[in-house]
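Asks: One structure follows; several queries about it will come next.
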Amino acid sequence: MQYETIITEREDDISIITFNRPEALNSISVRLRAELADALEDMSGDGRIRVIVLTGSEKAFAAGADIKEMQDKGYMDMYLSDNASTLQAVLRDCRKPVIAAVSGYALGGGCELAMMCDFILAADNARFGQPEISIGALPGWGGTQRLTGLVGKSKAMDMCLTGRMMDAGEAERSGLVSRVFPLEDFMDEVKQVAARVASNSVPVAMMIKECVNQSLETNLQSGLLFERRQFQSVFATEDQKEGMSAFVEKRRPDWKHS
Ligand code: CO8
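Heads up: the sequence shown begins at 113 in our numbering, then just goes up one per residue.
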């Protein structure tokens, strides 16, 4: 697929997808959604890639779904279009860690897209929000669900009912983002975090991702059992042997990724 709305790059074992609709503050059009899903599927199957980073511009990660594209649609248009369910499914099924690197606006569908990723790193100019109420709509890609899980009911209600924006500091304090970096060094810091994730055992990272995601889908006892079984099964891997031997021998592990 020839991409128009995203740019893909690979640096060693890290892939970076940059949204590229500057004229519309990277708002998420149907085309951008399709291209992003296609690129993610390709990267999921590419053995050279260990970590995927989604990012936008300094001004906007993504200012929401494309309002101009949506404004004249009817119920049946929206029902018959996938409403990003394909993209959500691709991200849900991606076994590699996916990091959202947010500078500038992450609003509406942009905030929701960031929350579909495994974790969010923010530049200090990042602004998050679910402003759909101010255009007579509501979050439609998981904003009422994932935001509530991340920041709690009170703040999620506040964000969705007022449509206000949250700055990077508040987003970090609230648990929406994991870390905030100065805008000047943002992508260097993001790449360092991605490289650190990529430097670990690929199958163990996959197991950890499955375990953490399980906590969102199940009750505590089932989740603990799932984790316990994954922990036990890691002892069937070469990387557990290598990691623990390297610790005892005071050297860096040489992962086999098996
Ligand atoms: N859609 C389309 N175009 C946009 C969007 C958008 N979401 N956001 C900005 N743009 C365009 C503007 O129209 C403008 O274009 P033009 O120059 O042709 O007029 C250009 O980008 C620059 O924007 P501004 O001039 O507005 O820039 P400012 O710096 O003044 O303001 C803001 C920046 C505050 C981010 C402002 O642009 C804004 O409020 N944008 C809209 C934010 C918003 O409401 N987002 C939610 C959209 S709805 C949604 O995401 C629902 C998702 C789930 C359902 C999806 C189903 C398909």
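Backbone N, C-alpha and C define an ideal beta-carbon position, used for all residues, glycine too.
By DSSP's criteria, ALA218 is part of a beta bridge. Which residues make up the other side?
Replies: ALA174 and PHE240
Asks: Do THR167 and ALA212 have their CB atoms nearer than 9 Å?
Replies: yes
Asks: Does the ligand CO8 have even one heavy atom less than 8 Å from the beta-carbon of GLU147?
Replies: no
Asks: Confirm the yes/no value for this check: CB of ASN371, any heavy atom of the ligand CO8, distance under 8 Å.
Replies: In the structure displayed, the chain extends from 113 to 370; residue 371 sits before or after that span and is not available.
Asks: Take SER246 as the anchor and find which of MET227, MET271, SER370 and VAL210 has the nearest alpha-carbon.
Replies: Per the Cα distances, MET271.
Asks: Less than 9 Å between the beta carbons of ALA196 and ALA226, yes or no?
Replies: no
Asks: Should ALA172 be listed as close to the ligand CO8, given that the test is whether its C-beta is under 8 Å from any heavy atom?
Replies: Yes - the ligand CO8 has a heavy atom lying nearer than 8 Å to the Cβ of ALA172.
Asks: Exposed or buried, TYR187, counting other C-beta atoms within 10 Å across all chains shown (16 or more means buried)?
Replies: exposed
Asks: Quick one: residues in its chain with C-beta nearer than 6 Å to the C-beta of GLY355, no 5 flanking neighbours on either side, listed in chain order?
Replies: Answer for GLY355: PRO365, listed in chain order.
Asks: Does the separation of the CB atoms of VAL210 and CYS229 fall below 9 Å?
Replies: Yes. Within cutoff.
Asks: Beta strand (DSSP E) containing GLU121: first to last residue?
Replies: First-last of the beta strand (DSSP E) with GLU121: 118-123.
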